[in-house]
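Asker: Before I ask anything, let me first share the structure, which is written out below as structure tokens.
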Amino acid sequence: MAESSKFEPKIVAFLCNWCSYAGADLAGISRMQYPPNVRVLRVPCSARVDPFFILQALQQGADGVLVSGCHPGDCHYLTGNYVARRRFAVLHDLLQFCGLEPGRVTFAWVSASEGERFAQLVREVTDNVRQLGPNRKLIKEQ
Amino acid sequence: MDKVARLRERAKELLEKQEVVGVLGYRASSRPGISQVAFITRPEEVDRLIFDSACSQNLANYLLKVKDKGKVAVVARGCDSRSIVVLLQEKQIEREKVYILGVGCEGVVVQGEKSVACRSCRYPNPVIYDEMVGEEVHFEPETVEDEFDRLTPDEWWEVLSAEVARCIRCYACRQVCPNCYCPVCFVDASMPALVGKTHNVSDNIVFHIMRALHMAGRCVECGACHRACPMGIDLMRFNRQVAKIVRERFGLVAGAKPDEMPALTIFKPDDPQEFIR
């Protein structure tokens with residue numbers, strides 16, 4: 001009983017095709033262990049991640065969101081992540097302003113060769129969200 | 001000669017010489033303390049033009065609606081001129097087709113009180129104009145404090161969600177905004193539906209976050225949306241915050257400089273990224 005009632009967060013991860021998704025893939029083929037709480041969505045670039053995706057994930061029941069793309073300067077489309085960074089900065093500050101818990105939405109840069117970093121990131125994000133508890137603020141009551 | 005007389009005189013001259021097809025300004029309405037937007041096309045009608053503290057609309061919005069008629073003269077205060085700058089930056093209007101009659105503004109008065117947006121106004125005078133009508137205005141802006149600094153994030157969330165819970169999703173805020181000109185707004189998109197269309201609290205707060213986000217680097221804090229809201233929601237809270245984020249993070253002020261681009265359309269390789277892991 002105690003085991004089944006333990007809160008397991010659902011985390012939606014938006015990973016860019018060229019770096020972070022490949023990084024997650026590397027973690028997989030290297031058989032690194034990380035929590036199974038993330039649901040990965042592959043996007044062409046971190047700039048493809050419309051703030052709507054993040055908010056909608058939280059509305060529809062995700063407890064946390066992870067957005068990850070190439071390191072600055074490494075974007076497959078040259079400047080996608082620079083543009084995305086500004087957008088995410090405003091979204092991050094605005095969510096903070098509204099009173100959403102810091103740690104609900106995480107942004108990170110993970111390259112294709114950083115399999116261990118990806119695994120570690122997922123461990124940390126999962127721990128953070130688990131400590132925050134279920135998402136009760138943005139969730140849309142059905 | 002006072003401001004209004006000068007404005008009428010110049011409007012008349014511009015129309016008589018056919019330098020412009022019309023003059024966009026304000027006229028009195030049948031209700032005291034409330035003005036209407038006027039588009040004057042005949043020289044004999046210029047005496048309808050007024051300019052006082054009841055003139056609350058942002059004329060840049062109406063400029064978009066008459067821009068196809070030809071060259072238009074427009075009365076512009078600080079905020080209107082900054083909206084015009086944003087529209088120029090975003091290539092919605094051409095500079096040659098607008099004649100800007102700049103006026104200094106002391107602030108809009110709504111029901112006997114200076115509008116919240118105008119109290120903290122730092123741009124009472126136009127940033128671009130073809131000529132100034134009357135003198136420039138100078139006053140010390142007030143600092144408008146939000147109580148969120150004194151509350152915990154959870155308490156502030158409660159305050160804010162109770163506020164936006166009143167939103168009836170009429171989109172008056174969008175209609176009056178000169179920078180909300182998208183042919184298909186995200187709230188009207190249905191394939192995919194980006195935000196729920198009922199006035200559910202969760203959807204309301206997402207709508208208000210996204211409205212603020214779309215305004216980042218573009219909102220000139222004219223307060224037209226705030227004054228248009230039939231439910232009295234304090235939209236300036238979001239607008240002020242977004243302007244503050246853009247100012248502090250990127251050092252930009254929306255519409256302040258014609259040769260700069262809106263903050264989210266440009267980037268620097270060394271933008272702050274302390275929030276990214």
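Here the protein sequences line up with chains A and B, keeping their order. For what it's worth, the working numbering labels the leading residue of the first sequence as 1, then goes sequentially. For what it's worth, the working numbering labels the leading residue of the second sequence as 1, then goes sequentially. We treat Cβ as the ideally placed atom computed from N, Cα and C, and that holds for glycine.
1) Does chain A have any CB closer than 9 angstroms to the CB of E90 of chain B?
2) Please name the residue in A:Y34, A:K6, A:Y21, A:L26 whose C-alpha comes closest to that of A108 of chain A.
3) Among residues of its own chain, excluding the 5 on either side of D271 of chain B, which ones have a beta-carbon nearer than 8 angstroms to its beta-carbon?
4) For R10 of chain B, which option in B:I50, B:V37, B:V144 has the closest C-alpha, if you only look at C-alpha atoms?
5) With DSSP collapsed to three states, give me the class of L156 of chain B.
6) For P9 of chain A and E136 of chain B, I'd like the C-alpha separation in whole angstroms.
7) Can you pull out the residues from the segment 24-45 of chain A whose beta carbon lies closer than 8 angstroms to at least one beta carbon of chain B?
8) The beta strand (DSSP E) with S68 of chain A in it runs from where to where?
9) Are the C-beta of L15 of chain A and some C-beta of chain D separated by less than 9 angstroms?
10) Return the first residue and the last residue of the alpha helix (DSSP H) that Y99 of chain B is part of.
11) Since R119 of chain B and V144 of chain B are thought to touch, with beta carbons under 8 angstroms apart, how far apart are those beta carbons, to the nearest angstrom?
12) Hey, how far is the Cα of V12 of chain A from the Cα of V38 of chain A?
13) How about S161 of chain B: is its C-beta nearer than 9 angstroms to some C-beta of chain A?
14) Can you tell me whether M191 of chain B is buried or exposed? The criterion is at least 16 other CB atoms within 10 Å of its CB, across all chains shown.
15) Helix, strand or coil for S81 of chain B per DSSP?
16) Are R247 of chain B and V86 of chain B touching if we call contact CB-CB under 9 angstroms?
17) Using a beta-carbon distance below 9 angstroms, is L100 of chain A in contact with chain B?
18) Less than 9 angstroms between CB atoms is the rule here; does D93 of chain A satisfy it with respect to chain B?
19) With Q89 of chain B and M261 of chain B assumed to form a contact (beta carbons below 8 angstroms), what rounded beta-carbon distance in angstroms separates them?
20) For K268 of chain B and chain A, any beta-carbon pair shorter than 9 angstroms?
21) Look at C98 of chain A and I276 of chain B and say whether their C-beta atoms are less than 9 angstroms apart.
22) R87 of chain A: buried (16+ other C-beta within 10 angstroms of its C-beta) or exposed?
23) Across which residues does DSSP place K114 of chain B in a beta bridge pair?
24) Given that I139 of chain A touches chain B, what residues does it touch there, using C-beta distances under 8 angstroms?
25) What alpha helix (DSSP H) runs, 4 residues minimum, are completely inside the segment 8-89 of chain A?
26) Any contact of the segment 73-80 of chain A with the segment 190-206 of chain B, i.e. 3+ C-beta pairs under 8 angstroms?
27) Output needed in chain order: residues of the segment 242-265 of chain B with a Cβ under 9 angstroms from some Cβ in chain A.
28) In three-state DSSP terms, what is F107 of chain A?
29) If you drop the 5 nearest sequence neighbours on each side, which residues of the same chain put their C-beta closer than 6 angstroms to that of H71 of chain A?
30) Leaving out five residues on either side along the sequence, give the residues of the same chain with a beta carbon under 8 angstroms from the beta carbon of I168 of chain B.
31) Identify, in the order they occur along the chain, each residue of the same chain with its Cβ nearer than 7 angstroms to the Cβ of C105 of chain B, setting aside the five sequence neighbours on each side.
32) To which residues of the same chain is M1 of chain A closer than 7 angstroms at the C-beta, ignoring the five residues directly before and after it?
33) Entirely within the segment 30-82 of chain B and at least 3 residues each: give me those beta strand (DSSP E) ranges in chain order.
34) Residues of chain A with a CB under 8 angstroms from the CB of M210 of chain B: which are they?
35) Is the CB of R277 of chain B under 9 angstroms away from at least one CB in chain A?
36) Under 8 angstroms, CB to CB, which of the residues in the segment 67-86 of chain A have a partner in chain B?
Answerer: Answer, in terms of the structure:
1) Against the second sequence, residue 90 of chain B aligns to sequence position 90. Taking Cβ atoms only, chain A never reaches closer than 9 angstroms to E90 of chain B, which makes this a no.
2) Counted from its first residue, the first sequence places residue 108 of chain A at position 108. With distances taken between Cα atoms, A108 of chain A lies closest to A:Y21.
3) Reading the second sequence from its first residue, position 271 is the one you call residue 271 of chain B. Only R249, F250 meet the Cβ criterion.
4) Residue mapping note: residue 10 of chain B aligns to position 10 of the second sequence, counting from 1. For the set B:I50, B:V37, B:V144, the Cα lying nearest the Cα of R10 of chain B is the one of B:I50.
5) Here residue 156 of chain B refers to the residue found at position 156 of the second sequence. Correcting the residue identity first, residue 156 of chain B is Trp in this sequence and not Leu. Helix.
6) The residue given as residue 9 of chain A occupies position 9 in the first sequence. The residue given as residue 136 of chain B occupies position 136 in the second sequence. In a straight line, the C-alpha of P9 of chain A is about 58 angstroms away from that of E136 of chain B.
7) none
8) If you number the first sequence from 1, residue 68 of chain A lands on position 68. Unbroken beta strand (DSSP E) run through S68 of chain A: 64-69.
9) Reference to chain D is not applicable here, since the protein chains of this structure are A and B.
10) Taking the second sequence and counting its residues from 1, one reaches residue 99 of chain B at position 99. No alpha helix (DSSP H) contains Y99 of chain B, which is instead part of the beta strand (DSSP E) from 98-102.
11) As a first step, residue 119 of chain B is located in the second sequence; it is residue number 119 there, counting from the start. As a first step, residue 144 of chain B is located in the second sequence; it is residue number 144 there, counting from the start. So it is a contact: roughly 6 angstroms between Cβ atoms.
12) The sequence position of residue 12 of chain A within the first sequence is 12, counting from 1. The sequence position of residue 38 of chain A within the first sequence is 38, counting from 1. If I take the Cα positions, the gap works out to 6 angstroms.
13) Taking the second sequence and counting its residues from 1, the one referred to as residue 161 of chain B is at position 161. Answer yes: the Cβ-Cβ gap between S161 of chain B and chain A drops below 9 angstroms somewhere.
14) Position 191 of the second sequence, counted from the first residue, corresponds to residue 191 of chain B. Looking at its Cβ environment, which holds fewer than 16 other Cβ atoms inside 10 Å, M191 of chain B is exposed.
15) To locate residue 81 of chain B, count along the second sequence from 1; it is residue 81. It is helical.
16) Numbered from 1 along the second sequence, position 247 holds the residue referred to as residue 247 of chain B. Numbered from 1 along the second sequence, position 86 holds the residue referred to as residue 86 of chain B. Cβ atoms of R247 of chain B and V86 of chain B: not closer than 9 angstroms.
17) Taking the first residue of the first sequence as 1, we reach residue 100 of chain A at position 100. Yes, contact with chain B.
18) One-based indexing of the first sequence puts residue 93 of chain A at position 93. Proximity of D93 of chain A to chain B, defined by a Cβ-Cβ separation below 9 angstroms, is satisfied.
19) By 1-based counting over the second sequence, the position of residue 89 of chain B is 89. By 1-based counting over the second sequence, the position of residue 261 of chain B is 261. With a Cβ gap of about 6 angstroms, Q89 of chain B and M261 of chain B count as contacting.
20) By one-based count along the second sequence, residue 268 of chain B stands at place 268. True, the Cβ-Cβ gap to chain A drops below 9 angstroms.
21) The count along the first sequence starts at 1 and reaches residue 98 of chain A at position 98. The count along the second sequence starts at 1 and reaches residue 276 of chain B at position 276. No, they are not a contact pair.
22) As a working note, residue 87 of chain A is residue 87 in the first sequence. That one is buried.
23) What you label residue 114 of chain B is simply residue 114 of the second sequence in a count that begins at 1. Paired residue(s): B:V109.
24) Along the first sequence, read from residue 1 onward, the residue named residue 139 of chain A stands at position 139. Under the 8 angstroms cutoff, chain B gives S202.
25) 20-29, 51-59
26) no
27) V242, K244, I245, V246, E248, R249, F250, A263, L264, T265
28) To locate residue 107 of chain A, count along the first sequence from 1; it is residue 107. F107 of chain A falls in the strand class under three-state DSSP.
29) Locating residue 71 of chain A in the first sequence gives position 71, counting from the first residue. The beta carbon of H71 of chain A lies closer than 6 angstroms to those of W109, S111 in the same chain, with the five residues before and after it left out.
30) By 1-based counting over the second sequence, the position of residue 168 of chain B is 168. Excluding residues within five positions, the ones whose Cβ falls inside 8 angstroms are H199, P230, M231.
31) Translated into the one-based positions of the second sequence, residue 105 of chain B becomes position 105. Only R77, G78, P124, V137 meet the Cβ criterion.
32) Locating residue 1 of chain A in the first sequence gives position 1, where the first residue counts as 1. Because M1 of chain A sits at a pLDDT of 44, beneath the cut-off of 50, its placement in the model cannot be relied upon, and the following sentence gives the value as read from the coordinates. Short of 7 angstroms from the beta carbon of M1 of chain A, and not among the five residues preceding or following it, lies no beta carbon of its own chain.
33) Runs of the beta strand (DSSP E) inside the segment 30-82 of chain B: 35-40, 72-76.
34) Taking the first residue of the second sequence as position 1, residue 210 of chain B is located at position 210. Under the 8 angstroms cutoff, chain A gives P51, F52, L55.
35) On the second sequence, residue 277 of chain B is found 277 positions in, with the first residue counted as 1. With 9 angstroms as the cut-off, R277 of chain B counts as an interface residue toward chain A.
36) Of all residues in the segment 67-86 of chain A, P72, G73, T79, Y82, V83, R85, R86 have a Cβ within less than 8 angstroms of some Cβ in chain B.
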